[in-house]
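Undergrad:
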Amino acid sequence: MKWVHAAALFAGIFLVAPQAVDGHAILTEPPPRRGQAVGRGLKFSPRPPTPAQLRTCMRAPANAPVRAYTAGQNVTIKWDITTPHPSNPGVTVSIKYRRGQKFRPLVTGVNIFRRSVTVSLPANETSEHAIM
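Numbering (mature numbering (1 follows the signal peptide of the UniProt record, and there is no 0)), first residue to last: -23 to -1, 1 to 109.
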């Protein structure tokens, strides 16, 4: 049986419509891969970040997966709000199974103030190193 690995979970939690983001959050569960948990506060300086800064996580070296899941499993994702704001663009949890594949949303528009959501992994997809 192959496993679905959550190698870089933070890569899959996005605030929808990044140009209009009015809130910021960090992944707390499952734990992000080593090197991704940067904590609270300003992430980039100067503000706004340069295009090169925004591409840094794409080029981060892959670390060992921190959790393994089976296809079809339910996974609870949790986050902390680091900078609350009045609007709520929603949280999207996505997954990709192979290099070069685009992220596929598992759930979109989750109210950021819920601080968690449970998603079902596709039952018909497996990978040795998927990214959620």
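No residue lacks a Cβ here, since even glycine has one placed at the ideal position from N, Cα and C.
What three-state label does DSSP hand A29 in the structure shown?
TA: DSSP places A29 in helix when its eight states are reduced to three.
Undergrad: Curious, which full-length beta strand (DSSP E) runs of at least 3 residues does the stretch 73 to 106 contain?
TA: 81 to 87 and 93 to 97
Undergrad: Locate the beta strand (DSSP E) running through N51, then write down its first and last residues.
TA: N51 to T60
Undergrad: Would you decide whether A2 is buried or exposed? Buried here means 16 or more other CB atoms lie within 10 Å of its CB.
TA: Note on A2: 16 or more other CB atoms within 10 angstroms of its CB, so buried under the neighbour-count rule.
Undergrad: Using DSSP with H/G/I as helix, E/B as strand and the rest coil, what is T47?
TA: coil
Undergrad: Excluding the five sequence neighbours on either side, which residues of its own chain have a C-beta within less than 6 Å of the C-beta of N101, listed in chain order?
TA: Setting aside the 5 residues that flank it on each side, N101 has no residue in the same chain whose C-beta is closer than 6 Å to its C-beta.
Undergrad: Could you have a look at A2 and say whether DSSP puts it in helix, strand or coil?
TA: strand
Undergrad: With H, G and I counted as helix, E and B as strand and the rest as coil, what does DSSP make of S71?
TA: strand
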